[in-house]
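Letter 483 of the sequence shown, counting from 1, is numbered 581 in the working numbering, and no numbers are missing.
Okay, so here's the structure we're looking at.
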Amino acid sequence: MSADPVKVQSPPPIAEPEARLNGQTIAAPDASGSNERREDLRDFIENAAVALHWVGEDGTILWANKAELQLLGYVREEYVGRNISDFHVDQEVISDILRRLKHGETLTGAEARMRCKDGTIRYVSINSSVYREEGRFIHTRCVTLDLTPQKQATEVRERLASIVESSADAIISKDLNGIIRSWNRGAERIFGYTPGEIIGRNISTLAVPERIDEFPDILARLARGERVDHNQTKRKTKDGRVLTVSITVSPLRDAEGTVIGGSEVARDITEREVHERALEQANAVLQQANADLQQFAYSASHDLQEPLRMVSTYSELLRKEFGSKLGPAADEYIGYAIQGAQRMQQLLTDLRAYTLASTSDPVPLGDIDAGAMLDKALANLEAVIKDSGASISRSDLPHVRLHEFQMEQLFQNLIGNAIRYRSNVPPQIHVAALQRDREWIFSVQDNGIGIDSQYKEQIFELFKRLHSVAAYPGTGMGLGICKRIVERAGGRIWVESEPGKGSTFFFTLPAPD
């Protein structure tokens with residue numbers, strides 16, 4: 099039964115038995131016409147918009163028209179002469195098609211997947227029959243219809259249907275009269291109705307009495323083509339429970355764009371609402387406690403200053419009046435009392451500054467000149483700068499969004515630390531700023547004693563000290579205050595340092611718009 103494959107580059111004579119396209123019989127042209135008539139028919143078949151090809155008994159492609167070649171992206175020399183199985187993704191499918199054709203079947207709508215030259219896959223429907231002469235298999239006559247757009251559309255619809263059905267939210271469609279037309283598993287889980295119980299009923303079935311007026315309004319907005327976004331409301335379940343839900347309702351349109359109904363997505367936020375209410379109450383209590391604590395700290399730091407001044411003043415008077423009469427031990431004890439009172443006074447001053455940094459509005463109304471605030475800080479530090487022999491250099495500094503006293507305090511604390519923790523050589527301190535993206539990065543660089551890497555986080559905690567008060571006086575709050583100021587402004591602060599090689603403190607502030 100097998101015939102030797104014959105490569106055909108153009109259609110053989112026109113007189114052939116009929117073929118079938120989309121289930122309709124197409125009679126072959128009469129071969130008795132003139133040569134011009136036959137050539138005209140050949141040209142028609144070659145340039146037809148429908149993809150056509152012929153295949154030999156062994157699967158060799160004998161001929162294909164332009165539409166077939168364009169569908170798959172090949173030129174004639176790349177397609178004709180090769181086996182049809184080379185272009186099919188599923189080999190068992192094409193083997194079955196060829197087997198059925200050899201047994202005399204006529205195929206209508208045999209679906210397959212063919213591989214294009216660019217590697218993409220196209221879904222096709224093949225209508226084919228065999229042309230025989232005296233019972234001998236000559237070639238198939240195949241019509242290839244591209245089903246890819248329909249398949250893709252079907253896959254999208256199926257995928258969307260699967261997403262809708264598997265969604266944890268309730269997804270409900272209804273017409274403009276409010277009659278429920280579809281009901282997914284999420285809706286069944288949330289509201290308790292099965293599709294059989296609820297489809298065909300009005301969406302107002304889910305209404306609570308005090309919200310019944312919402313439904314006509316939503317339907318009227320849908321009819322106008324409007325969308326309802328994230329509307330928090332109440333809905334009733336089958337067993338009578340009242341849920342808090344967030345709903346989004348969108349218009350549904352037909353092919354002509356006419357609104358025919360709406361799609362509603364409802365999310366059960368009852369539990370979230372309970373948690374949010376509890377969190378709000380806890381936050382209110384915490385805010386009140388923080389406010390009370392801050393007020394106490396502020397008041398205590400202010401009210402304790404006066405008795406400490408009395409202790410310090412009378413200790414000085416005691417030393418001045420009786421120091422030489424009480425002996426060296428008494429002089430030493432009086433000195434300790436004076437130092438303790440002075441240190442407590444400084445600690446209370448820093449505590450007051452930290453409280454002020456914590457309670458002030460984090461977003462000031464206007465921008466300030468950082469350079470001018472640096473000048474104020476240097477004026478405050480004039481005495482220690484002169485005593486230490488420190489030299490201060492600077493680059494141009496920008497305008498930033500921060501309170502004036504906070505910017506001044508940042509510079510004063512960082513430069514004061516650089517002077518306090520100096521090495522055996524006079525301090526050299528450089529203040530600079532550069533802009534990166536939407537923030538300013540400030541730096542304060544010194545040539546001091548440096549900081550070991552294991553302490554780079556610890557130094558920003560309140561009351562954390564790496565050295566004794568005798569070696570380096572201070573309260574241990576300066577860097578904590580800096581951190582509080584910077585973080586409340588939306589920035590961050592850090593240090594880069596090595597022991598014996600100085601330190602560079604960096605902090606960022608948002609750049610003004």
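We put the beta carbon where it would ideally sit given N, CA and C, even for glycine.
For clarity, every value in this text was computed on a predicted model and none was experimentally measured.
When the alpha-carbon of I270 is set against those of V254, R287, E256 and R257, the nearest one is in R287. Rounded to whole angstroms, the gap between the alpha carbons of E134 and D141 is 11 Å. The residue among G157, E155 and Y177 with its C-alpha nearest the C-alpha of K164 is Y177.
For V228, the enclosing beta strand (DSSP E) stretches over residues I219 to E231. With fewer than 16 other Cβ atoms from the protein chains shown falling within 10 Å of its own Cβ, P610 counts as exposed. A distance below 8 Å separates the beta carbons of L243 and S223. Look at the beta carbons and you see the region 328-347 touching the region 296-311: at least three pairs across the two are nearer than 8 Å. The alpha-carbon of E555 is positioned some 8 Å away from that of V593.
Put simply, of L258, V343 and D352 the residue whose alpha carbon is nearest the alpha carbon of V372 is V343.
Taking C-beta separations shorter than 6 Å and ignoring five residues to either side along the sequence, the partners of A268 in its chain run G284, A285, I288 and A364, following chain order.
Straight across, the Cα-Cα distance linking P426 with L416 is about 13 Å. Relative to A146, the option among A162, A259, A488 and I219 whose CA is nearest is A162. Counting only runs of at least 3 residues, the region 323-388 fully encloses the following beta strand (DSSP E) elements, listed from N- to C-terminal order: 326-334, 340-351 and 357-366. Contact between V148 and V241 holds: their C-beta atoms lie close to 6 Å from each other, under 8 Å. Distance between I192 and H151, taken at the CA atoms: about 14 Å.
By the neighbour-count definition (other C-beta atoms within 10 Å, threshold 16), D544 is a buried residue.
Assignment of N133 by DSSP, reduced to helix, strand and coil, places it in the helix class. Counting only residues of its own chain and dropping the five nearest sequence neighbours on each side, I432 has a CB closer than 7 Å to the CB of S413, L416, R417 and G421.
Rounded to the nearest angstrom, the Cβ distance from I466 to L476 is 16 Å, too far for a contact under 8 Å. In this structure, DSSP gives N163 a state outside helix and strand, which the three-state scheme calls coil. Looking at the backbone, the Cα of A481 and that of A376 are separated by about 54 Å. Here N225 is buried: its Cβ has 16 or more other Cβ atoms, across all protein chains shown, within 10 Å. Following the DSSP letters along the chain, one finds P293 inside the alpha helix (DSSP H) bounded by residues P293 to I296. Assignment of K554 by DSSP, reduced to helix, strand and coil, places it in the coil class. Under DSSP, the beta-bridge partners assigned to K272 are I278 and G360. Secondary structure of D467 (DSSP, three-state): strand. If the five residues before and after N275 are omitted, its C-beta is found closer than 8 Å to the C-beta atoms of N300 and L317, all from its own chain and listed in chain order.
Shown here, I549 sits in coil according to DSSP, grouped into three states, outside any helix or strand. Assigned with DSSP and collapsed to three states, I539 falls in strand. Leaving aside the five residues that flank P525 on each side, the residues in its chain whose CB is nearer than 8 Å to its CB run, in chain order, S486, G487, A488, S489, A516, I517, D544, N545 and G546. Looking at P293, T206, E596 and F185, the one whose alpha-carbon comes closest to that of I549 is E596. Within the region 496-545, the runs of beta strand (DSSP E) that reach at least 3 residues and sit entirely inside it are, in chain order, 526-534 and 537-543. Closest in alpha carbon position to L350, among D366, R325 and L341, is R325. For T206, the closest alpha carbon among the candidates G217, R239, E190 and Q510 is that of R239.
Here H237 is buried: its Cβ has 16 or more other Cβ atoms, across all protein chains shown, within 10 Å.
Rounded to the nearest angstrom, the gap between the Cα atoms of T602 and R582 is 19 Å.
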